[in-house]
Every structure is written in structure tokens, then in C-alpha cells.
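Protein chains in written order, with numbering that gives the first Met the number 0: chain A, 0 to 222; chain B, 0 to 222. So the structure is just underneath, and the comments pick up after that.
2 protein chains.
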Amino acid sequence: MSRSEGQAREAASGYRKGEAARARILEAALAAFGAGGFKGATTRQIADEAGVNLPALKYYFGGKEGLYLACAEEIVERYRARMVAPILQAQAMLEAREAPETARQALKIVFRALAGQMVETREAEAWAGFVLREIAEPGPAFAILYEQVWQPGVNIVGYMIGLAGGLSAGAAQMEALLMISSLSAFGAARPVSLKYLGWDDVSGERFERVMGNLERRIDELGS
Amino acid sequence: MSRSEGQAREAASGYRKGEAARARILEAALAAFGAGGFKGATTRQIADEAGVNLPALKYYFGGKEGLYLACAEEIVERYRARMVAPILQAQAMLEAREAPETARQALKIVFRALAGQMVETREAEAWAGFVLREIAEPGPAFAILYEQVWQPGVNIVGYMIGLAGGLSAGAAQMEALLMISSLSAFGAARPVSLKYLGWDDVSGERFERVMGNLERRIDELGS
DNA sequence: GCCAAACTGTATCGCTTGATAGCATTTTAC
DNA sequence: GTAAAATGCTATCAAGCGATACAGTTTGGC
């Protein structure tokens, strides 16, 4: 082991060259794991797609499993980057006024961000595939995704649904699970939904149609 | 090729011995493919689980891919067996009286059956895994599942939602997609939801809590 | 310039996979 | 009973897999 272990290489001040390669590998791995799952993706295919050779994967991530875990962490980071601002905004609104109407407005903000993450972006396809496979058959990345993405997401949505009124705490939790899962229509089940609707993507006006249905359901929470 | 091609062996009048082996293989394959996807499942593991030897898979199904397609057809058949009666009942109700209230009652019947299929049974875990993997990344079985399960299911639910009132045809379709997808909370995403709720299954009283939320949303369709 | 560390490339190992060849055994028809 | 078809098993192949030994090349600090 004359060279570094290659694993925890973050704060290296110099030698910036490899960061690009590392990023390309991660991008290719996200797409490959998302499409085929852990066993379905091959290291050769990922290396090829990233334009590097096979030992580079070991060099940068220690191996296939390390690369897989790095993908999970990358997903968490991208989720955070997109959700932090809307969630802070929603929390600020609720601190100012805890009325049901405020809760519904806050819910719409959070759900718009959530739906954007799961539905709108093209990278979302890989994202959804990765998360869903890991969730359906818990593996090494399950804990990361559950604790960093799913649990806090359901928590905050359930809390807001409770504030919106009309439901007990338990029913609000259940409602949060069901509402968030309904987004999988355009997440994991996107190919089916697109084919059914005759769409080829979920861009601007179409995204608004999805959001329109979600917002109507949020409004109905007050009844 | 001194023996038969082994593929289309359906109407053979005699030689009933192998049917049991065939069924065991199919059962093991459903579980294996559902858990790990096409590449994740190995033929050895399936043969082992079914208590047969490796060449038996080729003998009965022609190979791994043939076995995979046979699984898709088996799923369609089980889906049909469970859904035919409730759908006929719902249609009969709607032929008698096309009132919004009737449509909501019919929807509850259909959704109870749908939820039972996706949520309640233990085999549903493999079922959900298989369908969802195939849907997320369309493969050879996509057409079968789409045309025989997804499309007719969304169609009938969307039709009933339209009758329930308050929504345009397009919005009703969208609502059908979102409502059916919300069941994935206890289908594909079951491990997450169970962990979040602290449940270990979705049996009687818990199943009713899920249905309670779904039925409340169906009732709200009338507003 | 020069050395060490960071990066890249070639070649190959050991293993598992799906498939199948070839033979033994069981079942059915007559 | 007996022949033929159906079914089951052992052994093995070729291909693809993840991993890595090892050497070469680039980069940055001094």
C-alpha cells in the first residue's frame, strides 16, 4: 500500500486533477445503479461510461460497494441541497402563524419542492431507481437513505398535515406516507404514467397539472 | 434435440408429474426475481429453492428469460383472479345507478381489492418488487404488465373518479394515477413505511387504518 | 530539476454465472 | 411387459464478473 487508501480524500489541498474523474465516476454510477440495481450494474460499464479504466473505481472508492455507498451519500446531498430552502421557508411561515391555512400553504411549498426533485429533473430517473430499489430490498445504503431522506421528509409532512386540521396524529402520519408515495407515479413508475398519459416528459405546464391535483388534495385536508 | 422443446407444454394430457416441479420453480422464481431483479436472481438459487436441479429450468421454461416472462404471466393471472369479482361488482353497481355516490361506493370496493392485492398478502412483497422493477426500467415483461394490469386498472379507476364528480376527464386520470401509486407506500416501499410506523405487518386492524385514509379521500372526491 | 505523491493503464487471477451435453431414471401408452 | 416419451442428475464449458498486482505517467512542492 504505497499509495493512499483513496477512501477519505476530501480536504486534499492540491492534486485537483482527480476530482473531475471522481465526479464522472459518481455520475455514471448513479445512472447505472439507478437503472440496474447493485448487481445489475457492472464496474466495467461504469468505468467505460465515465471514461476511466477499471482500477480507477478501486482507487477512488475502494470497490463496487464503496461506490454504491458514495452514491447514496450523493443522493442525500442533492436532496438536501434542493429541500433545505423550501423547508426553512415553510417552518418560518408556521412559526409566524400556526393556522390551518398557513399549514396548507407551507405544505404546498414543501410538496412543490419534493415533486420537483422526484419528477422534474432528468437525473431524477436514476435517483428514483436507486432509492426505490434500496427501499424495496434494504441493503447497505438503506439506513443512510431512511434516516437522512425518508424519515425527516415524512415527519415534516405529517406534522404539517396535522396542523392543517381534521386528522388525528396517527392519521396525519398515514396521510403523509400515502401522499408522498403518490409521487412515485412520476418517480419510479414514470415510464408507465408517461405512456398512459401520452406524455414524453413532465415539463412546465404538465408539471403544473400534477401539482394542481396535489394542491387540491392539500386544500381538501381542511374539510 | 431428442426431447421436446419444453416450451409450450400446456395441453399435455398425461405426464402430470412435472407440473408440481414447474409450479415450485415458478414460485421460487417469483420470490427471487421480486427480491433481486432479473440480474440479481441466479438460476442456481432458484433451482435450489425449488428443490430441483439446474437443467430443470431450461427443461420447463427454456432458460432464464423464459422463466422471467412466465413469472410476468403468472402475476397477471393472480391479479386477474383477485380483481375480476370486485370489478364486476363495481360495474354492476354503476350500470344500475350512475350517481356520484354510487361511483364512490364502487371505488371503495375496487380499491379495497387493489390494496388487498398490493398490501395484505405476503406474496405481495415479491409481486410488488417484480412489477416495480419492470416498470422502472422497462424490459421484456413491460408490455405484458402494462397492458394486462396497469392500463386497465388506471382506466377503470379513472372512469369511476370521473363519475364521482368534480373533476374533468384529464384530472380524473391524473387522480387515478396518483391514488393507485400511493398504494406503493405499502407495496414497494413497505419496509420503509413499516419501520416508520413501527409495524411488523399490515394485518386486519392496520389494513383498516390504511383503507380508512383511502376511503376518506374517495369521499372527498365529491366536494 | 527532482523527488514523492497522485493518478492512469495493462494484464491477469479466481470466481460465479447461464447454458448444455450426455446419461440415468421414472412415467405413460399399448 | 416393453418401448418410447418425459423427467431428473452430474459434469463441464465459455463468458463475464470484481478485484488487484504491477508498471507507467502526470502533478505539485521544494
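Backbone N, C-alpha and C define an ideal beta-carbon position, used for all residues, glycine too.
Taken atom to atom, the span from the alpha-carbon of residue 216(B) to that of residue 117(B) is near 18 Å. When the alpha-carbon of residue 77(A) is set against those of 173(A), 94(A), 45(A), 122(A), the nearest one is in 122(A).
Not one beta carbon of chain B lies nearer than 8 Å to the beta carbon of residue 151(A).
Closest by C-alpha distance to residue 70(A), out of 33(A), 105(A), 219(A), 198(A), is 33(A).
When the five nearest sequence neighbours on each side are left out, the beta carbons in the same chain lying within less than 8 Å of the beta carbon of residue 81(B) are those of 112, 115, 116, in order along the chain.
Annotation for residue 103(B): 163, 217 place their beta carbon closer than 6 Å to its own, counting only its chain and skipping 5 residues before and after.
The beta carbons of residue 157(B) and residue 172(B) sit closer together than 8 Å.
Within a 10 Å sphere around the beta-carbon of residue 79(B) sit fewer than 16 other beta-carbons, which makes this residue exposed. Rounded to the nearest angstrom, the Cβ distance from residue 184(A) to residue 106(B) is 17 Å, too far for a contact under 8 Å.
Within the region 179 to 207 of chain A, contact with chain B at the beta-carbon level (separation under 9 Å) is assigned to 179, 180, 181, 182, 183, 184, 185, 186, 187, 188, 189, 190, 191, 192, 194, 195, 196.
Annotation for residue 126(B): the continuous alpha helix (DSSP H) segment containing it runs 122 to 135.
Of 67(A), 109(A), 65(A), the smallest CA-CA separation from residue 86(A) is found for 109(A). Under the three-state reduction of DSSP output, residue 101(B) falls in the helix class.
Measuring C-alpha to C-alpha distances from residue 124(B) to each of 16(B), 23(B), 35(B), 24(B) identifies 35(B) as the nearest. Nearest CB-CB separation between residue 67(A) and chain B: not below the 8 Å threshold. Distance from the Cα of residue 174(B) is smallest, within the candidate group 209(A), 179(A), 131(A), for 209(A). In this structure, residue 46(B) lies near residue 55(B), with their beta-carbon atoms less than 8 Å apart.
The Cβ atoms of residue 187(A) and residue 30(B) do not sit closer than 8 Å to each other. Counting of Cβ neighbours within 10 angstroms places residue 53(B) among the exposed residues, the total staying below 16. In the structure shown, residue 199(B) falls within a coil segment according to DSSP collapsed to helix, strand and coil. Secondary structure note for residue 34(A): its alpha helix (DSSP H) is the uninterrupted segment 16 to 39. For residue 167(B), not one C-beta of chain A is nearer than 8 Å to its own C-beta.
Residues of the region 133 to 161 of chain A that bring their beta carbon within less than 7 Å of a beta carbon in chain B comprise 134, 135, 136, 137, 145, 149, 150, 153, in sequence order.
For residue 56(A), the enclosing alpha helix (DSSP H) starts and ends at 53 to 60. When C-beta distances to chain A are compared with 7 Å, the residues of the region 38 to 58 of chain B below that value are 38, 39, in chain order. Selection 152(A), 196(A), 72(A) evaluated against residue 141(A) yields 72(A) as nearest (Cα-Cα). For the set 16(B), 205(B), 94(B), 219(B), the Cα lying nearest the Cα of residue 165(B) is the one of 219(B). For residue 83(B), there are no CB contacts under 7 Å within the same chain when 5 residues up- and downstream are skipped. Pairing residue 130(A) with residue 195(B) gives a Cβ-Cβ distance that is not under 8 Å.
The residue among 92(A), 42(A), 143(A), 19(A) with its C-alpha nearest the C-alpha of residue 68(A) is 143(A). Distance from the CA atom of residue 211(B) to the CA atom of residue 170(A), rounded to whole angstroms, is 9 Å. Fully enclosed beta strand (DSSP E) runs of no fewer than 3 residues are not present anywhere in the region 157 to 184 of chain A. Here DSSP, grouped into helix, strand and coil, assigns residue 190(A) to helix.
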